[in-house]
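Trainee: Before I ask anything, let me first share the structure, which is written out below as structure tokens.
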Amino acid sequence: MTEIKNYIVLARKYRPKKLSDIIGQEETCKIIEGSVKLNRIAHAFLFSGTRGIGKTTLARILAKIVNCTNLNNKVVEPCGECKNCVSIDLDNNIDVVEIDAASRTGVADVREIIDNINYKPVSAKKKIFIIDEVHMLSKAAFNALLKTLEEPPLDVIFIFATTETEKIPLTILSRCQRFQLKRVGEDKISNFLMKISEKEGFNIEKEGCNLISEASQGSVRDALSILDNVFTRGNPVSIKTIRGVLGLSDNSLSLKLFKYLCDGDVKKSFEIFDDLYKKGVSIQILSNTMMSYMYQVIKMKAGLDLKLSNSDFDMNEALKEIKTNYEMDFMVRFWELFQKYANEINKCFDEKQCFEMIIMRLCYASIIPTPFELLKKTESSPRKDASNFESDISKEKKIKNLNVKQVENIEQASKTNLAIDRNTNATTSLENSQKFKNIRKFKLLIDIIEKNSEMLISYHLRNSFKLVSLSENESVKEIELESISNNNDSKKILWQATNLINKITGERWMISLSSKKGKYSVKEFEEYLSKLEIYEIKKNDIVKKLLEIIPSSEVISIKDLDNLKKRKEFDYE
520 MTEIKNYIVL ARKYRPKKLS DIIGQEETCK IIEGSVKLNR IAHAFLFSGT RGIGKTTLAR
580 ILAKIVNCTN LNNKVVEPCG ECKNCVSIDL DNNIDVVEID AASRTGVADV REIIDNINYK
640 PVSAKKKIFI IDEVHMLSKA AFNALLKTLE EPPLDVIFIF ATTETEKIPL TILSRCQRFQ
700 LKRVGEDKIS NFLMKISEKE GFNIEKEGCN LISEASQGSV RDALSILDNV FTRGNPVSIK
760 TIRGVLGLSD NSLSLKLFKY LCDGDVKKSF EIFDDLYKKG VSIQILSNTM MSYMYQVIKM
820 KAGLDLKLSN SDFDMNEALK EIKTNYEMDF MVRFWELFQK YANEINKCFD EKQCFEMIIM
880 RLCYASIIPT PFELLKKTES SPRKDASNFE SDISKEKKIK NLNVKQVENI EQASKTNLAI
940 DRNTNATTSL ENSQKFKNIR KFKLLIDIIE KNSEMLISYH LRNSFKLVSL SENESVKEIE
1000 LESISNNNDS KKILWQATNL INKITGERWM ISLSSKKGKY SVKEFEEYLS KLEIYEIKKN
1060 DIVKKLLEII PSSEVISIKD LDNLKKRKEF DYE
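Per this note's numbering: the sequence shown = residues 520 to 1092.
Written out as structure tokens, the structure reads:
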């Protein structure tokens, strides 16, 4: 058996020792250089940003710069050879204290720091306190640090590092010179990984480094950790190996899955997903990949300047092709549905089953015409039978996942208009029946008043009165109402309504209060009609399918777009 030797991981082995070694933080490095050259070094620094971008590393380099005995002011770089530089690199300098606030959060730990502040540096020029993950300190610990942080001794410098600036009290933030470190660009990380691979003697393709840099999400440490894992697979390093380490799917397969989802092809979507699952692809990563495809297509559809990844030219071309085949409203709806469905994966007992159900729901959602498609059809074409409209939609969307019988069923269901047929529907029969003839006429009178911008009167007539009787004699037409509100102005409202209707219709009307009980108000009648319309529309096969596909959906109202356009005025007759 080969003897196991001590090994230092790449993230530690290639940790920057000077400012020029740090990648992606050029602006922060320039500010530090300027403050050193001009001798304007603050007594407290705060480095914030995501993981693995150089916060603690910058703190240690700054500690070396401040305490280096051979510092060259022209380049502002620690020599790395003097006693202080070497001891700081080895983490055994008595004057540079590094504290992990995640494990030492209490006020007692901070008081220990405060007690040590009063002692002069033993060998270094300045006493440096580096507190990592400073946001983990307790409120009492922050309060204990306040006064010392505001007026520390001249030979003391505090350097804080955090990933969550918002958790640090404003009183602490205002006492520090703050630096927000950026995520390192993918190109910079990729080039850095190529150099490391050459130094380590591994043969790796540029495309492989691009994949690792994308997966690292701007974190150099994460990229080096992934590269370490990749190197254990042997030399040379193939793209397939890197994809396996990252748990990534084959782009060609994931793109096919995305396209079949958009097409609504259930059968082929299941076949591709089953293939990906057998290859060990993470369902969570696959879900994120689908979201990434949607995001890129939507941004391209919006005409935004999107810098696509250069790791796979074929993928970029495929996304551009998908962009031309699908409208923006379709992709936005797809994004919203997938976002909602993807949240269920972590809560589901079986991720595979959950994702398969997501495929099923998305495929059926994709064959439903979008609101824009519906409007486009109603606006661009004359009034025509609903069956023609639905057949147009079916021609535009290829329903590959359904068998012949299912297609025939959908086509038959599509022949029924989604809007209520005003000639045959039960609600229309109810409105036109003799029983509801009077309340219908009273409702039309209120509509006339509302059309003439008398909203207050129409509101009271609709909500505050029940119809007792309505008679139409040759000389005068009479309406008797029961007041169901505590409004003292009921008589005044009815007098105003009488005058208004007489003026508008040119006929003589008399509206009066009655001591008799009315059956229902216009508002109650309209609510009843609305409920009946919803009940009827839910019987429609297409509406049933919509309610099944869209989770937690329900019908709350029905609008006839054609009637809304044509009804320019109310006609009492």
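For glycine and all other residues, C-beta sits at the position ideal for the given N, C-alpha and C.
Spatial neighbours of residue 565 within its chain, please: CB distance less than 6 Å, with the 5 preceding and 5 following residues excluded, ordered by chain position.
Mentor: In the sequence shown, counting from the first residue as 1, residue 565 sits at position 46. Cβ within range, chain order: 679, 695, 697.
Trainee: Express the C-alpha separation of residue 598 and residue 574 in angstroms, rounding to a whole number.
Mentor: Position 55 of the sequence shown holds residue 574. Position 79 of the sequence shown holds residue 598. Cα to Cα, the separation comes out at about 21 Å.
Trainee: Just how far apart, CA to CA, sit residue 924 and residue 786?
Mentor: For the purposes of this step, residue 924 is identified with residue 405 of the sequence shown, where counting begins at 1. For the purposes of this step, residue 786 is identified with residue 267 of the sequence shown, where counting begins at 1. Residue placement at residue 924 is flagged as unreliable, the pLDDT there being 43, under the threshold of 50; the coordinate-derived value follows with that caveat. One C-alpha to the other measures close to 16 Å.
Trainee: Answer with buried or exposed for residue 860, where buried requires no fewer than 16 other C-beta atoms within 10 angstroms of its C-beta.
Mentor: The residue you call residue 860 lines up with position 341 of the sequence shown. Buried, because 16 or more other Cβ atoms sit within 10 Å of the Cβ of residue 860.
Trainee: Could you have a look at residue 721 and say whether DSSP puts it in helix, strand or coil?
Mentor: In the sequence shown, counting from the first residue as 1, residue 721 sits at position 202. Three-state DSSP puts residue 721 in coil, outside helix and strand.
Trainee: Which of the three DSSP states, helix, strand or coil, is assigned to residue 857?
Mentor: As a first step, residue 857 must be located in the sequence shown, where it is residue number 338. Looking at residue 857 - three-state DSSP - the assignment turns out to be helix.
Trainee: On the CB-based measure, 16 or more other CB atoms within 10 Å of its CB, does residue 776 come out buried or exposed?
Mentor: As a position in the sequence shown, residue 776 is number 257, starting the count at 1. With 16 or more Cβ atoms within 10 Å of its Cβ, residue 776 is classed as buried.
Trainee: Name the two residues that bound the continuous beta strand (DSSP E) containing residue 1029.
Mentor: Position 510 of the sequence shown, counted from the start, is the residue given in the question as residue 1029. Per DSSP, residue 1029 belongs to the beta strand (DSSP E) from 1028-1032.
Trainee: Look at the Cβ atom of residue 847, then the Cβ atom of residue 820, and state whether they are nearer than 8 Å.
Mentor: Sequence index remark: in the sequence shown, residue 847 carries index 328 (1-based). Sequence index remark: in the sequence shown, residue 820 carries index 301 (1-based). Yes, the Cβ-Cβ distance between residue 847 and residue 820 is below 8 Å.
Trainee: Using only alpha-carbon positions, find the residue among 1023, 1025, 978 that is nearest to residue 1004.
Mentor: In the sequence shown, residue 1004 corresponds to position 485, counting from 1. Answer by Cα proximity: 978.
Trainee: Rounded C-beta distance between residue 577 and residue 541? I'm assuming under 8 Å.
Mentor: If you number the sequence shown from 1, residue 577 lands on position 58. If you number the sequence shown from 1, residue 541 lands on position 22. Sure, about 7 Å apart at Cβ, within 8 Å.
Trainee: Would you list the residues sitting across from residue 771 in a DSSP beta bridge?
Mentor: As a position in the sequence shown, residue 771 is number 252, starting the count at 1. Paired residues: none, contrary to the question.
Trainee: Label residue 741 either buried or exposed according to how many other C-beta atoms from any shown protein chain fall within 10 Å of its C-beta, with 16 as the threshold for buried.
Mentor: Here residue 741 corresponds to residue number 222 of the sequence shown, with the count starting at 1. Residue 741 should be labelled buried.
Trainee: Who are the Cβ neighbours of residue 550 in its own chain at under 8 Å, not counting the five residues just before and after it?
Mentor: Numbered from its first residue, the sequence shown carries residue 550 at position 31. Around residue 550: 698.
Trainee: Can you say whether residue 868 is buried or exposed, counting buried as having 16 or more other CB atoms within 10 angstroms of its CB?
Mentor: Counting from 1 along the sequence shown, the entry for residue 868 is found at position 349. When all chains shown are included, residue 868 counts as exposed.
Trainee: Using 8 Å as the Cβ pair cut-off and three pairs as the minimum, do the stretch 601-610 and the stretch 556-572 touch?
Mentor: They do not touch, by the three-pair rule.
Trainee: Return helix, strand or coil for residue 567, following the three-state DSSP convention.
Mentor: By 1-based counting over the sequence shown, the position of residue 567 is 48. Strand at residue 567.
Trainee: So, under 8 Å CB-CB, residue 641 and residue 614 are touching, yes? Tell me the CB distance rounded to an integer number of Å.
Mentor: Stepping through the sequence shown from its first residue, residue 641 is reached at position 122. Stepping through the sequence shown from its first residue, residue 614 is reached at position 95. That pair is a contact at about 6 Å.
Trainee: Thinking just about the alpha-carbon of each residue, which of 632, 714, 773 is nearest to the one in residue 835?
Mentor: For this step, residue 835 is matched to residue 316 along the sequence shown. Nearest of 632, 714, 773 to residue 835, Cα basis: 773.
Trainee: Based on Cα-Cα distance, which residue from 966, 548, 1002, 659 lies nearest to residue 687?
Mentor: As a first step, residue 687 is located in the sequence shown; it is residue number 168 there, counting from the start. Checked all of 966, 548, 1002, 659; the closest Cα to residue 687 is 659.
Trainee: Tell me, which residues are paired with residue 675 by DSSP?
Mentor: For the purposes of this step, residue 675 is identified with residue 156 of the sequence shown, where counting begins at 1. Answer by DSSP bridge pairing, in chain order: 646.
Trainee: Suppose the cutoff is 7 Å on Cβ atoms and the five residues either side in sequence are ignored; what does the same chain contact list for residue 862 look like?
Mentor: Taking the sequence shown and counting its residues from 1, one reaches residue 862 at position 343. So no residue of the chain qualifies.
Trainee: According to DSSP, is residue 637 part of a helix, a strand, or is it coil?
Mentor: Sequence index remark: in the sequence shown, residue 637 carries index 118 (1-based). Residue state, collapsed to three classes: coil.
Trainee: Which of helix, strand or coil does DSSP assign to residue 1075?
Mentor: Here residue 1075 refers to the residue found at position 556 of the sequence shown. Residue 1075 falls in the coil class under three-state DSSP.
Trainee: Along the chain, where does the beta strand (DSSP E) containing residue 615 start, and where does it finish?
Mentor: Here residue 615 refers to the residue found at position 96 of the sequence shown. From DSSP, the beta strand (DSSP E) with residue 615 extends over 615-619.
Trainee: Give the secondary structure of residue 1011 by DSSP, where H, G and I count as helix, E and B as strand, and everything else as coil.
Mentor: Your numbering for residue 1011 matches position 492 in the sequence shown. DSSP places residue 1011 in helix when its eight states are reduced to three.
Trainee: So, under 8 Å CB-CB, residue 781 and residue 841 are touching, yes? Tell me the CB distance rounded to an integer number of Å.
Mentor: The count along the sequence shown starts at 1 and reaches residue 781 at position 262. The count along the sequence shown starts at 1 and reaches residue 841 at position 322. Rounded, the Cβ-Cβ distance is 7 Å, consistent with contact.
Trainee: Let me know if residue 1028 comes out buried or exposed under the rule of 16 or more other beta-carbons within 10 Å of its beta-carbon.
Mentor: Sequence index remark: in the sequence shown, residue 1028 carries index 509 (1-based). Flag for residue 1028 reads buried.
Trainee: Return the first residue and the last residue of the alpha helix (DSSP H) that residue 698 is part of.
Mentor: Within the sequence shown, numbered from 1, the residue matching residue 698 stands at position 179. No alpha helix (DSSP H) holds residue 698; the beta strand (DSSP E) holding it covers 696-699.
Trainee: In the DSSP output, which residue or residues are listed as bridge partners for residue 680?
Mentor: Translated into positions along the sequence shown, residue 680 becomes position 161. 566, 651, per the DSSP bridge assignment.
Trainee: Quick check on the burial criterion: 16 or more other C-beta atoms within 10 angstroms. Buried or exposed for residue 729?
Mentor: As a first step, residue 729 must be located in the sequence shown, where it is residue number 210. Burial call: buried.
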